[in-house]
Amino acid sequence: MAVLVGGLVLVPIARSIITSTTERHGQDTVFVGLDNYLALVNDEQFHTGVVNSFVFTAYAEVFKVVLGLAAALLLHHRRRGRAVLAGLLLVPWVVPTVVTAFSWRALLDPIFGSVNTLLTVTGIGPLLASAHLVDSWPAGWLSDPSLAMPSVILVNVWKGVPFFTVCFLAGLKAIPADLYEAATIDGASSWQRFANVTLPGLRHVITVTVTLSSIWTFNNFDLVWLLTQGGPGDVTAPYVLVAYSKAILQLQYGAGAAVTLVMLPIIGGLVFVLVRLLRQDTNSKLPRRRRTARWIGARRWAATARKAPPWVVAALVTGLLAWASPQIFWKAAVVLGVILLVAAAVGRVVSTLQSRGGRRASSVVSGLGSWVALAGLLFFVLGPLYWIAVTAFKSEGQVVMRTDDLWPTPWTLEQFGALFDNQPFGRWYLNTLLVSAASTTVALVCAALAGYALARLRFRGAQGFTVTVLLTYVMPGALLFIPLYQMLIGTRLTDSLWSLVVTYPTFTLPFATWLLVGYFSSIPVELEEAALVDGCTRVQAFGRVVLPLAKPGLLAVALFTLTNAWNEFLFAFVFITKDEYKTLPVGMQSMIAGDVVPQGQLAAASLLVSIPVVIMYALGQRFLTEGLTAGAVKG
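Okay, so the sequence shown: first residue is 1127 according to my numbering, each after it adds one.
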């Protein structure tokens, strides 16, 4: 693990640091010291990129937490069909980024897009215009400077909510049921149980999930590039895209490296704090007491959480958002306020009916509210996927003429036939399977060994190595692929599947290791000690005792790493130029030639790409949530 991280991450980072002190003058590269960093002080493009990254990340995380928690609560109380519903909610996360961008660009088209058509028919669109939530109708979602950033945030939320839902579901399973029983006996209302039991019980899950997702969102490149390429103007350009523009488009590698590296200490500090919190929480488990005592402890825990520094940080972030994006701030506040007010109103009605003895009426209202909320959430999640599915079964005439938008007439397999006849889709599919399987195998083997070592073995530098592993996430691919590409050229691995197998561990290994560290820590060490006493070596105890008990965690890692490798775009786009070695995301992107977009074939490809992974997640949902519950989300 140390060799892989050092060779594939730390060495390229070191080369990036050296590159940031140079400047290209024609054919020569000249050492300029800190000039590239000093130039950023007066660089308006860099300032705009940093603000855009902060705005994009902050709003996306707020709505991911709200919608992810709502989805997790709805599914947690659902006895029948929970696995199926969870599998459906996971689809946006499974769908490759290029498919997400393609579908949402088509849906948000101001003239032919289904979003404007649907909002116009229902009367919601003109209402949004009259409330000044949009400047005009029909709205140019990705072309209007005031709507482009909210639209990109919406797509990121759509894609990120499944990850939050899975993590929160795992956290809800870990909360002892006797806390809720004790709270009910003490006469606590639904809101009091949520505020004093659920939220404190999810405190650590929320901290870990938001931190990880913030790092990923802050360094996001693919989604923004495929949706808007940073436009219109620079209103959606994050700092990573600024670095990409300087390093790749302008061939100023030093300036691009400086843009990314100047943000590294900030995110690195967040990761270090996260690791410290995880280690502290591991050593501060509450002892088991009788139910009422635990309920009182939970209330005190919640009261302490309200006074904790995170609330100060939340207030500071809110103030910065209001200053950085006043137009988006009040629109987001209205949307968020409506969601919370509706939820609070339903909860208030249910509590009132319960207090008056109307148990049946409260149950009906609660069930109806849950079904309405779940239906709205499923419509938001499955709407774009439904559009992909029906478009895949339209004839080319229906796609071009925009007829039968919501239901093909007749249904046909024309697009699937054209996909395999006109494109080497089968070869792309096989390449993706081979690369994903190989990179997942490497991640499982290395992460299992490294995770066990960090969880069980005590050696100098363990915490520093953990921080180093997590820090690899803060390096955006838009910069990291430059030194990696140079290394691949030196080893003659470009334009081969080996280039992807070798480089994919840069983003699969760190998260897999971190997840398994938490899972191995949750396995009682007494089991291994008993095996050692019986004559087993450390390796035998690991293979015969620990690994069989860690199957849920290993499956969770396999699913996560397989999805990341399946959806990866940037490395494959840069390292592979020959059609016979392209993976599915790059191959599908290459199907778009200028303004010519084969929507039917892309929709058919999207369907074929998504179905296998969705089935795997649906079948492995129980093990996935179990792996997360006993693993990293508990610290």
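Using N, Cα and C, we set each Cβ at its ideal position, and we do this for glycine too.
Asked                                                                                                                                                                      : Found
Taking the alpha-carbon of L1244 as reference, which of E1522, R1664, Y1630 and W1513 has the nearest alpha-carbon?                                                        : W1513
Could you say if the region 1212-1229 and the region 1363-1378 meet the contact criterion of at least three C-beta pairs nearer than 8 angstroms?                          : no
In chain order, what residues of the same chain have a beta carbon less than 6 angstroms from the beta carbon of A1381, not counting five sequence neighbours either side? : N1162 and K1372
In chain order, which beta strand (DSSP E) runs of at least 3 residues are fully inside the region 1509-1586?                                                              : none
Run through DSSP, which three-state label would R1206 get?                                                                                                                 : coil
Closest to V1217 by CA distance: which of L1614, L1511 and N1168 is it?                                                                                                    : L1511
Would you identify the three-state DSSP class for E1652, choosing helix, strand or coil?                                                                                   : helix
With the cut-off set at 8 angstroms, would you say M1714 and L1734 are in Cβ contact?                                                                                      : no
Relative to the C-alpha of T1538, which residue among F1290, G1726, L1254 and S1316 is closest?                                                                            : G1726
Quick one: using the 10 Å Cβ neighbour count with 16 as the cut-off for buried, is P1650 buried or exposed?                                                                : exposed
What did DSSP end up calling V1336 once you bin it into helix, strand or coil?                                                                                             : helix
If you count every other CB in all the chains shown that lies within 10 Å of the CB of G1761, and 16 or more means buried, which is it?                                    : Per-residue confidence for G1761 stands at a pLDDT of 39, beneath the threshold of 50, marking its modelled position as unreliable; no derived number is given.
Write down the C-beta distance between F1172 and Y1365 rounded to the nearest angstrom, noting that I regard them as a contact closer than 8 angstroms.                    : 7 angstroms
Run through DSSP, which three-state label would R1618 get?                                                                                                                 : coil
My guess is that P1271 and V1361 are in contact by the Cβ rule of under 8 angstroms, so how many angstroms apart are they, rounded?                                        : 5 angstroms
At what residues does the beta strand (DSSP E) containing F1157 begin and finish?                                                                                          : D1154 to F1157
Taking K1520 as the reference, give the member of F1505, F1506, P1536 and G1509 with the closest Cα.                                                                       : P1536
Exposed or buried, what is W1456 when buried is set at 16 or more other beta-carbons lying within 10 Å of its beta-carbon?                                                 : exposed
By Cβ distance below 6 angstroms, which residues in the same chain neighbour A1429 in space, the five residues on each side in sequence not counted?                       : For A1429, the predicted model reports a pLDDT of 47, less than 50, meaning its position is unreliable; a value from the coordinates is still stated below. The answer is none, since no qualifying residue turns up.
Taking V1643 and A1581 to be in contact with their CB atoms under 8 angstroms, please state how far apart those CB atoms are, rounded to whole angstroms.                  : 5 angstroms
Report buried or exposed for S1256, applying the criterion of at least 16 other Cβ atoms within 10 angstroms of its Cβ.                                                    : exposed
Would you decide whether P1738 is buried or exposed? Buried here means 16 or more other CB atoms lie within 10 Å of its CB.                                                : exposed
Could you tell me if S1736 is buried or exposed, where buried requires 16 or more neighbouring beta carbons within 10 angstroms of its beta carbon?                        : buried
What do you reckon, are the CB atoms on V1561 and L1214 nearer than 8 angstroms?                                                                                           : no
Check the DSSP bridge columns for T1148 and list the partner residues they point to.                                                                                       : F1157
Ends of the alpha helix (DSSP H) at L1694?                                                                                                                                 : The sequence given here places Glu at residue 1694; Leu does not occur at that position. Counting along the chain, E1694 falls outside any alpha helix (DSSP H), and DSSP gives it neither H nor E.
Tell me the DSSP bridge mates of V1722?                                                                                                                                    : A1719
Whole angstroms are fine: how far does the CA of L1675 sit from the CA of R1417?                                                                                           : Confidence is the limiting factor: at R1417 the pLDDT is only 45, short of 50, which leaves the residue's position unreliable, though a coordinate-based value still follows. Roughly 29 angstroms separates the two Cα atoms.
Who are the near neighbours of V1177 in its chain, counting only those whose CB is closer than 7 angstroms to its CB and skipping five residues on each side?              : A1450
Do L1688 and T1566 have their C-beta atoms closer together than 8 angstroms?                                                                                               : yes
Helix, strand or coil for A1274, going by three-state DSSP, please let me know.                                                                                            : helix
In three-state DSSP terms, what is G1249?                                                                                                                                  : coil
Would you kindly work out how many angstroms separate the C-alpha atoms of S1315 and I1332, rounded to a whole number?                                                     : 23 angstroms
Suppose you measure from the CA of I1237 to the CA of L1273; what does that come to, to the nearest Å?                                                                     : 15 angstroms
Less than 8 angstroms between CB atoms is the rule here; does V1461 satisfy it with respect to chain D?                                                                    : Any reference to chain D falls outside this structure, which holds one protein chain only.
May I ask which residues mark the beginning and end of the alpha helix (DSSP H) holding F1228?                                                                             : T1223 to L1233
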